[in-house]
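Enquirer:
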Amino acid sequence: MDYLQIASQYKEPSIKGRYIHLDTILPILERLRLHIEITYIEKSVQGRNIHQVQIGMGKIKILMWSQMHVNESTTTKGLFDFFNFLSSDSDLAKQIKDKYTLLFIPMLNPDGAFLYTRENATAIDLNRDALDRTQPETQLLYTVYNEFKPDYCYNLHDQRTIFGTTDFDLPATISFLSPAYNVAREYNEIRLKAIYVINRMNAVLQNYIPNQIGRFDDSYNINCSGDYFTSQNTPTILIEAGHFKNDYERDRVRNYIFIALLCSLDAACENVIVDKELTNYLNISQNNKCFYDFIFKNVKIIENNEEKIINFAAQYDEELYEGHIRFVAKIVKINDLNNFKGHVEYDCENGLYFSNGLHFPNIGDHANFTINNLIEINNGLIII
Ligand SMILES: [Zn+2]
Numbered sequence: 043m044d045y046l047q048i049a050s051q052y053k054e055p056s057i058k059g060r061y062i063h064l065d066t067i068l069p070i071l072e073r074l075r076l077h078i079e080i081t082y083i084e085k086s087v088q089g090r091n092i093h094q095v096q097i098g099m100g101k102i103k104i105l106m107w108s109q110m111h112v113n114e115s116t117t118t119k120g121l122f123d124f125f126n127f128l129s130s131d132s133d134l135a136k137q138i139k140d141k142y143t144l145l146f147i148p149m150l151n152p153d154g155a156f157l158y159t160r161e162n163a164t165a166i167d168l169n170r171d172a173l174d175r176t177q178p179e180t181q182l183l184y185t186v187y188n189e190f191k192p193d194y195c196y197n198l199h200d201q202r203t204i205f206g207t208t209d210f211d212l213p214a215t216i217s218f219l220s221p222a223y224n225v226a227r228e229y230n231e232i233r234l235k236a237i238y239v240i241n242r243m244n245a246v247l248q249n250y251i252p253n254q255i256g257r258f259d260d261s262y263n264i265n266c267s268g269d270y271f272t273s274q275n276t277p278t279i280l281i282e283a284g285h286f287k288n289d290y291e292r293d294r295v296r297n298y299i300f301i302a303l304l305c306s307l308d309a310a311c312e313n314v315i316v317d318k319e320l321t322n323y324l325n326i327s328q329n330n331k332c333f334y335d336f337i338f339k340n341v342k343i344i345e346n347n348e349e350k351i352i353n354f355a356a357q358y359d360e361e362l363y364e365g366h367i368r369f370v371a372k373i374v375k376i377n378d379l380n381n382f383k384g385h386v387e388y389d390c391e392n393g394l395y396f397s398n399g400l401h402f403p404n405i406g407d408h409a410n411f412t413i414n415n416l417i418e419i420n421n422g423l424i425i426i
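According to this note's numbering, numbering within the sequence shown proceeds without interruption in unit steps and concludes at 426.
#1: May I have the straight-line CA-CA distance separating ILE147 from SER56, to the nearest angstrom?
#2: Going straight from the alpha carbon of LEU157 to that of LYS58, what length do you get?
#3: Using the three-state DSSP reduction, which class does ARG73 fall into: helix, strand or coil?
#4: Any residues whose CB sits closer than 5 Å to a heavy atom of ligand 3? List them in chain order?
#5: According to DSSP, what are the bridge partners of GLU348?
#6: Quick check: MET106 and LEU183, are their CB atoms within less than 8 Å of each other?
#7: Which value, in whole angstroms, describes the spacing of the CA atoms of LYS136 and LEU128?
#8: Going by beta carbon distance, what residues of the same chain come within less than 7 Å of ARG90, once the five residues before and after it are set aside?
#9: Going straight from the alpha carbon of ASN162 to that of GLU179, what length do you get?
#10: Output yes if chain C places a C-beta closer than 8 Å to the C-beta of LEU71; else output no.
#11: DSSP on GLN201, reduced to helix/strand/coil?
#12: I'd like the span of the beta strand (DSSP E) that includes ASN392, first residue to last.
#13: Measure the CB-CB distance between THR203 and HIS401 and report whether it falls below 8 Å.
#14: Rounded to whole angstroms, what is the Cα-Cα separation between CYS195 and ILE426?
#15: Is it buried or exposed for TYR82, if we count other Cβ within 10 angstroms and need 16 for buried?
#16: Does ASN188 pass the burial test, meaning 16 or more other C-beta atoms within 10 Å, or should it be called exposed?
#17: In chain order, what are the residue ranges of uninterrupted beta strand (DSSP E) at least 3 long that sit wholly in the region 236 to 284?
#18: Quick one: what's got a C-beta closer than 7 Å to ILE352's C-beta in the same chain, skipping five residues either side?
#19: Given a cut-off of 8 Å on the beta-carbon distance, is the pair HIS209 and GLU282 in contact?
#20: Is the Cβ-Cβ distance between ASN410 and GLY393 less than 8 Å?
#21: Does ASN312 pass the burial test, meaning 16 or more other C-beta atoms within 10 Å, or should it be called exposed?
#22: Is it the case that the Cβ atoms of PHE382 and PHE336 are separated by a distance below 8 Å?
#23: Indicate whether VAL374 and ILE405 have their beta-carbon atoms separated by less than 8 Å.
#24: Considering Cα atoms alone, identify which of TYR388, ASP308, GLY422 is closest to ASP10.
#25: Give the secondary structure of ILE417 by DSSP, where H, G and I count as helix, E and B as strand, and everything else as coil.
#26: Tell me SER129's beta-bridge partners as DSSP assigns them.
#27: Do three or more CB pairs link the region 244 to 257 to the region 214 to 225 at distances below 8 Å?
#28: Does PRO69 pass the burial test, meaning 16 or more other C-beta atoms within 10 Å, or should it be called exposed?
#29: For the alpha helix (DSSP H) containing THR185, list its first residue and its last residue.
#30: Any idea what DSSP makes of LYS375, helix, strand or coil?
Here it is as structure tokens:
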């Protein structure tokens with residue numbers, strides 16, 4: 043089956059880029075309401091509606107939520123593509139709706155979505171609020187969980203561009219985790235059920251993004267929702283959308299989220315891997331913090347009248363600016379970059395650095411400079 047073709051076919055055209063908030067999704071929800079059951083179930087701290095989408099009448103119940111961290115919008119785009127697919131009359135969509143009851147909360151944190159922050163309006167990280175449940179958004183998630191009693195949970199996030207796959211030096215475009223249920227990080231039947239689903243997703247995705255799939259660290263924190271739900275005996279799958287070369291808007295990566303969701307529910311993918319579930323899971327490359335957006339190599343600087351050759355790295359800050367996300371490249375590390383790669387790398391061939399009257403960079407500076415007064419780098423990129 044050509045999953046990528048299906049992802050393209052059902053891509054929701056009215057939602058793209060990184061700044062996805064309630065006003066972006068409301069018109070689509072209105073349109074989808076003709077085909078699927080959509081309710082708003084609770085209000086956020088600032089009184090915005092949190093929506094719930096229910097599809098299917100099957101026995102197996104799955105609860106999925108996205109934008110708990112709201113600058114992490116790729117999985118919301120993937121969900122809306124998936125809603126288009128599920129509301130179509132394709133045979134596969136019908137099979138899935140017969141087998142599963144799917145409950146989605148496609149934007150758990152609508153206040154933060156406007157502000158483009160990780161946290162909610164009271165500056166609380168909702169993924170560290172599982173046990174205390176101090177916030178209405180977290181309380182809502184747990185009320186839905188308790189009433190719906192899902193057989194599985196999918197906890198949908200984005201990860202930063204710093205993550206790559208160990209041994210491959212490639213970006214971790216999609217990463218998975220079956221969260222731990224105890225400090226010892228033991229594997230039990232509940233985790234193995236999540237692992238089985240992850241292995242199915244991984245087996246298919248490797249065809250599209252070989253060696254760009256990562257496995258997240260399973261350090262235990264009961265205040266993280268995935269760890270909490272696993273400890274409550276619900277297999278939970280953490281999915282992180284990551285970087286694909288040049289896809290900072292993540293409109294390509296959303297396809298892989300769609301594929302992960304679809305193949306996890308497609309009966310045709312069952313038993314792709316029949317044994318050695320844990321071994322196969324542990325064979326997924328570990329997520330590794332090994333990337334910067336830019337690395338500049340062999341740069342001559344003059345500091346305290348001394349000439350030196352250095353390497354330095356720059357990373358994009360994401361800033362909300364006039365209704366869209368602006369990527370601003372800033373210098374974040376000087377030297378000690380042996381174990382790092384840049385999504386973009388430049389060999390400056392011992393050319394002399396110059397910026398703002400100085401021949402050396404400082405941490406926090408914008409990546410705007412010249413080399414030998416000849417090559418101009420603006421916002422991390424060479425201007426030709
Ligand atoms: Zn997150």
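Beta carbons: idealized from backbone N, C-alpha and C, even for Gly. Remember, it's a predicted structure, so these values are computed and weren't measured experimentally.
Expert: Looking at the atomic coordinates:
#1: Locating residue 147 in the sequence shown gives position 105, where the first residue counts as 1. Locating residue 56 in the sequence shown gives position 14, where the first residue counts as 1. About 19 Å.
#2: In the sequence shown, residue 157 corresponds to position 115, counting from 1. In the sequence shown, residue 58 corresponds to position 16, counting from 1. Using only the alpha carbons, I get a separation of about 17 Å.
#3: Here residue 73 is taken as the residue at index 31 of the sequence shown, counted from 1. It is helical.
#4: Only ligand 1 can be found as ligands here, which leaves ligand 3 out of the picture.
#5: If you number the sequence shown from 1, residue 348 lands on position 306. In the DSSP output, where bridge partners are listed per residue, GLU348 has GLU345.
#6: In the sequence shown, the residue the question calls residue 106 occupies position 64. In the sequence shown, the residue the question calls residue 183 occupies position 141. It is not a contact, given that the beta carbons lie outside the stated cut-off.
#7: Against the sequence shown, residue 136 aligns to sequence position 94. Against the sequence shown, residue 128 aligns to sequence position 86. Cα to Cα, LYS136 sits roughly 8 Å from LEU128.
#8: The count along the sequence shown starts at 1 and reaches residue 90 at position 48. Correct list, in chain order: LEU64, PRO152, ASP153.
#9: If you number the sequence shown from 1, residue 162 lands on position 120. If you number the sequence shown from 1, residue 179 lands on position 137. C-alpha separation (whole angstroms): 8 Å.
#10: No chain C is present in this structure, which holds just one protein chain.
#11: On the sequence shown, residue 201 is found 159 positions in, with the first residue counted as 1. Note: GLN201 maps to coil in three-state DSSP.
#12: The residue labelled residue 392 in the question sits at position 350 within the sequence shown. Counting along the chain, the beta strand (DSSP E) containing ASN392 begins and ends at 383 to 396.
#13: Taking the first residue of the sequence shown as position 1, residue 203 is located at position 161. Taking the first residue of the sequence shown as position 1, residue 401 is located at position 359. With contacts defined as CB atoms closer than 8 Å, THR203 and HIS401 fail to qualify as a contacting pair.
#14: One-based indexing of the sequence shown puts residue 195 at position 153. One-based indexing of the sequence shown puts residue 426 at position 384. About 48 Å.
#15: Here the question's residue 82 lines up with position 40 in the sequence shown. The residue in question, TYR82, is exposed, as its Cβ has fewer than 16 Cβ neighbours within 10 Å.
#16: By 1-based counting over the sequence shown, the position of residue 188 is 146. Classification for ASN188: exposed.
#17: Complete beta strand (DSSP E) runs here, min 3: 255 to 257, 278 to 283.
#18: Position 310 of the sequence shown holds residue 352. VAL341, ILE343, ILE376, ASN377, listed in sequence order.
#19: Numbered from 1 along the sequence shown, position 167 holds the residue referred to as residue 209. Numbered from 1 along the sequence shown, position 240 holds the residue referred to as residue 282. The residue you asked about is not His; residue 209 is Asp in the sequence shown. No.
#20: Stepping through the sequence shown from its first residue, residue 410 is reached at position 368. Stepping through the sequence shown from its first residue, residue 393 is reached at position 351. No.
#21: Along the sequence shown, one-based indexing puts residue 312 at 270. Checking the displayed sequence, the identity of residue 312 turns out to be Glu instead of Asn. Under this definition GLU312 is an exposed residue.
#22: Looking up residue 382 in the sequence shown gives position 340. Looking up residue 336 in the sequence shown gives position 294. In this structure, PHE336 does not lie closer than 8 Å to PHE382 by Cβ.
#23: Taking the sequence shown and counting its residues from 1, the one referred to as residue 374 is at position 332. Taking the sequence shown and counting its residues from 1, the one referred to as residue 405 is at position 363. Contact flag set, yes.
#24: Because the chain is modelled from 43 through 426, residue 10 falls outside the range shown and cannot be assessed.
#25: One-based indexing of the sequence shown puts residue 417 at position 375. In this structure, ILE417 counts as strand in the three-state DSSP scheme.
#26: Counting from 1 along the sequence shown, the entry for residue 129 is found at position 87. Its beta-bridge partners do not exist; DSSP assigns none.
#27: yes
#28: Taking the sequence shown and counting its residues from 1, the one referred to as residue 69 is at position 27. Exposed is the call here.
#29: As a first step, residue 185 must be located in the sequence shown, where it is residue number 143. 178 to 190 is the extent of the alpha helix (DSSP H) around THR185.
#30: Position 333 of the sequence shown, counted from the first residue, corresponds to residue 375. DSSP places LYS375 in strand when its eight states are reduced to three.
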